[in-house]
Amino acid sequence: MVSIEDYGNFETAWCPGCGNFGILKAIKQALVDLGRSPHEVLIASGIGQSSKLPHYLKCNTFNGLHGRSLPPATGAKVANHELTVIAVTGDGDCYGEGGNHFLHTVRRNPDITMIVHDNQIYGLTKGQASPTSEIGMRTKIQTHGVFNMPLNPLSLAISMDCSFVSRGYAGNIQHLSKLIEKAIQHKGLSLVDVLQPCVSFNKLNTFKWYSERVYEMEDPGYELNDRVRAFEKSLEWGDRIPLGVFYVNEKPSFEEHLDALATGPLYRNGAKTDAVNELIDGFI
Ligand SMILES: Cc1ncc(C[n+]2csc(CCOP(=O)(O)OP(=O)(O)O)c2C)c(N)n1
Ligand code: SF4
Ligand SMILES: [Mg+2]
20 MVSIEDYGNF ETAWCPGCGN FGILKAIKQA LVDLGRSPHE VLIASGIGQS SKLPHYLKCN
80 TFNGLHGRSL PPATGAKVAN HELTVIAVTG DGDCYGEGGN HFLHTVRRNP DITMIVHDNQ
140 IYGLTKGQAS PTSEIGMRTK IQTHGVFNMP LNPLSLAISM DCSFVSRGYA GNIQHLSKLI
200 EKAIQHKGLS LVDVLQPCVS FNKLNTFKWY SERVYEMEDP GYELNDRVRA FEKSLEWGDR
260 IPLGVFYVNE KPSFEEHLDA LATGPLYRNG AKTDAVNELI DGFI
């Protein structure tokens, strides 16, 4: 039987009180509750405080370039579609530097769970505005306040027909771990945007600020595949911020379109180098 201890217990470089601790705990809990052993899981990340998370888990991991958690996650899923593949990323990493990969991964729909630590700030580089920072937020760079429109990740994902769209909160670990479980069980790309307080650099969206506003949606009040109603719900932000699953649309995953995977994971085929060698020899 899998236990939390199997995923290790590491010293972290995160600030005491950071929302990232809650997300790490929720991911471990979800994997254990689903009975997934560390060798069955691969977590890919980019660069950021959030992207350090795989360093603190004992399982297969890949820590890549800034904004690039999704390409290696997609590659790993194609090489071995029996793996549970999770992409861990930040609001800057995913919606800023990696925005192009986000859009095109939604179009591809690989069976990957995306967990976005959305602290509405660039944490690692010490507090510049990110694509989700609120208008008016002052930082050391945006000294007169942010004036660019924040990006709404849920609305964007729903508008592009992302097959599973949800929001969690790092301050509600039990709810978050159940949400991550659902996202992992969903076949296709699942987005879990997690509201994550950054206690050092985001003095606006604090644990207190979120806790006074977030509420759990038991029933969103519409069929989960109703894209228009889901989009409308995703616009709710302010005094009340909904948490839970906003949108689900079951459709074939990227891997299911690939005939080469029908007989089993690619890695089992072994490396067939004869054809490549023949090609190279042709140039000599
Ligand atoms: C191409 C590129 N641009 C910029 C940077 C510098 N950089 C590293 S992390 C980071 C911001 C990370 O913010 P986010 O993804 O929100 O993660 P957080 O630290 O907040 O968890 C930036 C701008 C980089 N490493 N590579
Ligand atoms: S800077 Fe912010 S996001 Fe980074 S570890 Fe500290 S509190 Fe967490
Ligand atoms: Mg961030």
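Following this note's numbering, the numbering of the sequence shown begins with 20 at its first residue and continues without gaps.
The beta carbon of each residue, even a glycine, is placed where N, CA and C say it ideally should be.
Computed from a predicted structure; not experimentally measured.
Contact with chain C by residue i, beta-carbon distance below 7 Å
i	result
residue 280	The structure shown contains no chain C; it holds only a single protein chain.
Residue range of the alpha helix (DSSP H) that includes residue i
i	result
residue 122	118 to 127
residue 295	293 to 300
Residue i beta carbon near ligand 1 (any heavy atom closer than 6 Å)
i	result
residue 238	no
residue 253	no
residue 185	no
residue 153	no
residue 149	yes
residue 66	yes
Residue i Cβ short of 6 Å to ligand 3 heavy atom set
i	result
residue 70	no
Residue i in three-state terms, based on DSSP
i	result
residue 261	strand
residue 310	Given a span of 20 to 303 for the chain in the structure shown, any question on residue 310 remains unanswerable.
residue 64	strand
residue 81	strand
residue 316	Any property of residue 316 remains undetermined from this structure, which presents the chain solely from 20 to 303.
residue 161	coil
residue 112	helix
residue 180	coil
Host beta strand (DSSP E) of residue i (start-end)
i	result
residue 183	183 to 188
residue 136	131 to 137
residue 109	103 to 109
residue 234	233 to 235
residue 212	209 to 214
Pick from the options that is closest to residue i, judged by C-alpha positions
i	options	result
residue 239	111, 258, 74, 253	253
residue 17	80, 215, 114	The chain is shown only over 20 to 303; residue 17 falls outside these bounds and no answer can be derived.
residue 59	78, 45, 73	78
residue 241	249, 235, 234	249
residue 66	110, 171, 121	110
residue 25	37, 32, 48	48
Residue i Cβ short of 6 Å to ligand 2 heavy atom set
i	result
residue 113	no
At least 3 beta-carbon pairs within less than 8 Å: the segment 167 to 182 vs the segment 125 to 142: These segments touch.
How do the segment 199 to 218 and the segment 255 to 269 stand: do at least 3 beta-carbon pairs fall below 8 Å, yes or no? yes
Measuring CB atoms only, is the segment 25 to 40 touching the segment 68 to 75, in the sense that at least three cross pairs come out at less than 8 Å? yes
Segment contact, 8 Å Cβ cut-off, at least three pairs: the segment 275 to 289 with the segment 90 to 109: Contact holds: three or more Cβ-Cβ distances are below 8 Å.
Contact between the segment 224 to 233 and the segment 188 to 201 (3+ Cβ pairs under 8 Å): Verdict: yes, contact present.
Examine the Cβ distances between the segment 256 to 264 and the segment 283 to 298 and report whether three or more of them are shorter than 8 Å. Counting Cβ pairs under 8 Å, fewer than three are found: no touch.
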